[in-house]
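In the numbering used here, the protein residues as written are 55 to 284.
Below you'll find the structure, written out as structure tokens, and then a few comments.
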């Protein structure tokens, strides 16, 4: 949100970044401004009314049109579960050997899944995986007795969302190569899942402001939330 500016892009923008804009218009404008030599992501910054010191909002949302990126999945499992994870498309399946790999450096996985019986061992990796947001968690579906289903879900276009210290959720909903409709549908799916994770004790307005931007964009745009959350 620190990308806000009152200036518009000369000759190309009629949108006021500070005024709530229709999601359709914002997506069109962001695509016009995307000039990087790589495929830029479309990101959201969602300001909530939650005090992150007292409550947490965290979960996983399945985007109907995926994320636009290849996801590398590692799975802690043995026996039949391990075979099912491999057939489902997991990039790495192991147990003690995977544990030893993750203790070191140089690896890269986007999602780590564990069967329940592996968590006693995986828990020892908390200091390594926790800061990266990769620690398997039942609430996120990454600790599961059905690792096959968990792998399929991870590869089909899931995104993790979590409240930061300022009460804001940052997440990607696709890339500038997605159709306008696909980006809108991904956004709606994400907002729906976030609302399901509203803390029971939360009072007042839950979702306050929504900004959209791209990876290398010249600024973020305020989106009219009222037309998306009613």
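We put the CB at the ideal spot given by N, CA and C, even for glycine.
query: Are there 16 or more other CB atoms within 10 angstroms of the CB of residue 229, so buried, or fewer, so exposed?
result: buried
field: Of the residues 251, 203 and 141, the one placed nearest residue 109, counting alpha carbons only
entry: 251
field: Bounding residues of the beta strand (DSSP E) (the contiguous stretch that carries residue 116)
entry: 112-116
- prompt: Do you know how far the Cα of residue 189 is from the Cα of residue 249?
  reply: 23 Å
- request: Reducing DSSP to helix, strand and coil, say where residue 212 ends up.
  value: strand
field: N-terminal and C-terminal residue of the beta strand (DSSP E) that residue 160 is part of
entry: No beta strand (DSSP E) holds residue 160; DSSP gives it neither H nor E.
message: Could you compute how far the alpha carbon of residue 137 sits from the alpha carbon of residue 197?
response: 17 Å
field: DSSP three-state assignment for residue 151, whether helix, strand or coil
entry: helix
query: Tell me the DSSP bridge mates of residue 145?
result: Answer by DSSP bridge pairing: none, since residue 145 is not bridged.
- request: Return yes when the Cβ of residue 216 is within less than 8 Å of the Cβ of residue 223, no when it is not.
  value: yes
- request: Please report how far the alpha carbon of residue 118 lies from the alpha carbon of residue 158, in whole angstroms.
  value: 35 Å
field: Pair within 8 Å by beta-carbon distance, residue 97 and residue 268
entry: yes
message: Let me confirm a value: residue 48 is counted as buried when at least 16 other C-beta atoms fall within 10 Å, else exposed. Which label applies?
response: Only positions 55 to 284 of the chain appear in the structure, and residue 48 is not among them; the question remains open.
query: Between which two residues does the alpha helix (DSSP H) harbouring residue 80 extend?
result: 77-87
- prompt: Going along the chain, which residues of its own chain have a beta-carbon closer than 7 Å to the beta-carbon of residue 85, five neighbours each way excluded?
  reply: 230
field: Cβ-based neighbour list, residue 242, same chain, cut-off 7 Å, excluding 5 preceding and 5 following
entry: 282
message: Given this structure, state the Cα-to-Cα distance separating residue 275 from residue 124, to the nearest angstrom.
response: 27 Å
query: Which of helix, strand or coil does DSSP assign to residue 228?
result: strand
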